[in-house]
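Taken in order, the sequence shown gives residues 150 to 404; the numbers are from my numbering.
Cβ atoms here follow ideal geometry from the backbone N, Cα and C, with glycine treated the same way.
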Amino acid sequence: MINQKHIKSTFALLFVCFAIFCNSACACAPDEYPVRSHFRKGYYKKNGTYYSETTVVSSCKKKRPNHDFAYERFKTLQPPGWPHRGESLSSWTERQKEDVLDAFATLPLYLMKGTVRGIYRLKRSKYPNNPGASLLESGAIVLYDDAFGPKLPRIVAHELAHFLYSGLSLEDKDSYEKATGWKYNYNIKDHKVYLEHRDIGFVSENAKNNPEEDFCVNVEFYLFDNAQLKKTTPTAFSWIEKQFGQNTNQQRDKK
Ligand SMILES: [Zn+2]
150 MINQKHIKST
160 FALLFVCFAI
170 FCNSACACAP
180 DEYPVRSHFR
190 KGYYKKNGTY
200 YSETTVVSSC
210 KKKRPNHDFA
220 YERFKTLQPP
230 GWPHRGESLS
240 SWTERQKEDV
250 LDAFATLPLY
260 LMKGTVRGIY
270 RLKRSKYPNN
280 PGASLLESGA
290 IVLYDDAFGP
300 KLPRIVAHEL
310 AHFLYSGLSL
320 EDKDSYEKAT
330 GWKYNYNIKD
340 HKVYLEHRDI
350 GFVSENAKNN
360 PEEDFCVNVE
370 FYLFDNAQLK
380 KTTPTAFSWI
390 EKQFGQNTNQ
400 QRDKK
């Protein structure tokens with residue numbers, strides 16, 4: 150006699166069989182990828198259209214520009230060789246991965262450097278108000294909890310710019326420093342050569358730290374606040390425009 154227990158276990162077995170079958174047969178098309186069900190907050194698109202909060206159901210979704218670059222790099226462990234031991238691991242949510250994929254879709258191809266090997270999630274930086282960080286030696290980009298907001302594409306662009314800078318030739322680095330007014334001064338007292346920043350023309354205080362940070366901040370502004378960079382640091386604007394201006398697949402204006 151078939152009792153309720155039997156019916157339940159038959160259903161459970163059928164479900165397991167379907168899941169196994171679906172894993173192999175319900176794969177997404179080559180230009181799509183699987184997205185698991187998750188909650189999405191309401192948001193405004195650039196054109197002013199409001200999309201209300203909803204639960205996104207599991208589905209196959211069309212890949213956006215730079216999808217494969219980002220998707221293959223999501224990491225769940227601590228970045229190798231991470232120097233800040235007090236910073237603890239956080240876990241990716243499906244929504245956060247989607248937000249990062251959206252951010253990558255807005256960025257130009259020249260930021261996709263193979264030396265980036267992983268995108269990691271940590272809770273909080275040891276430095277206050279720091280949403281992101283990189284470790285070039287291990288190819289790691291870290292996104293902290295604070296990164297997930299409207300500025301995420303800028304934060305990702307800034308961290309990618311560190312890898313872009315490290316891949317520049319010495320001639321290009323030299324050319325950038327000269328064009329943007331970094332100076333090497335010989336100090337007669339200790340016979341050492343010091344690198345000094347220009348007197349004016351910084352879109353951010355951090356940019357004064359060194360030419361690399363200056364470059365990364367300026368690339369970020371070039372992509373997201375073009376007018377401000379043109380006004381404050383026209384030399385950096387022209388240099389970046391000349392170097393990378395033609396090589397672009399920016400999609401953000403279409404959003
Ligand atoms: Zn930086």
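Give the C-beta separation of residue i and residue j to the nearest angstrom, bearing in mind that I take them to be a contact with Cβ-Cβ under 8 Å.
i, j, result
"A306", "V366", "Incorrect: roughly 10 Å between the Cβ atoms, too far for contact."
"A328", "T384", "5 Å"
"V291", "P228", "6 Å"
"K332", "E345", "5 Å"
Would you check if the distance between the CB atom of residue i and the CB atom of residue j is smaller than 8 Å?
i, j, result
"G316", "A289", "no"
"R270", "S237", "no"
"F312", "L285", "yes"
"V352", "F373", "no"
"S274", "G230", "no"
"V184", "E243", "yes"
"A376", "P302", "no"
"A296", "L250", "no"
"F386", "Y325", "no"
Straight-line CA distance for residue i to residue j?
i, j, result
"K246", "Y276", "24 Å"
"K190", "W388", "39 Å"
"D339", "G330", "24 Å"
"H187", "L226", "22 Å"
"A174", "F223", "Annotation note: pLDDT 43 at A174 (below 50); position unreliable, no value reported."
"N172", "E221", "Low local confidence applies: a pLDDT of 47 at N172 is under 50, so the model's placement there is unreliable, with the coordinate-based value given in what follows. So the alpha carbons of these two residues sit roughly 19 Å apart."
"S201", "A282", "32 Å"
"T381", "I349", "8 Å"
"K272", "P299", "18 Å"
"K341", "Y335", "6 Å"
According to DSSP, is residue i helix, strand or coil?
i, result
"S173", "Low confidence applies here, because S173 scores a pLDDT of 43, under 50, leaving its location unreliable and the question unanswered by this model."
"L118", "With the chain covering only 150 through 404, there is no way to say anything about residue 118."
"F223", "strand"
"C166", "Per-residue confidence for C166 stands at a pLDDT of 45, beneath the threshold of 50, marking its modelled position as unreliable; the derived number appears in the next sentence. Three-state DSSP puts C166 in a helix."
"K272", "coil"
"L285", "helix"
"L292", "strand"
"S353", "coil"
"R143", "Since the first residue shown for the chain is 150 and the last is 404, residue 143 is missing from the structure and cannot be characterised."
"P277", "coil"
Could you confirm whether any beta carbon from chain C is found closer than 8 Å to the beta carbon of residue i?
i, result
"N278", "Checking the listed chains, one finds no chain C in this structure; it contains a single protein chain."
>> Measuring CB atoms only, is the region 253-260 touching the region 213-233, in the sense that at least three cross pairs come out at less than 8 Å?
In response: yes
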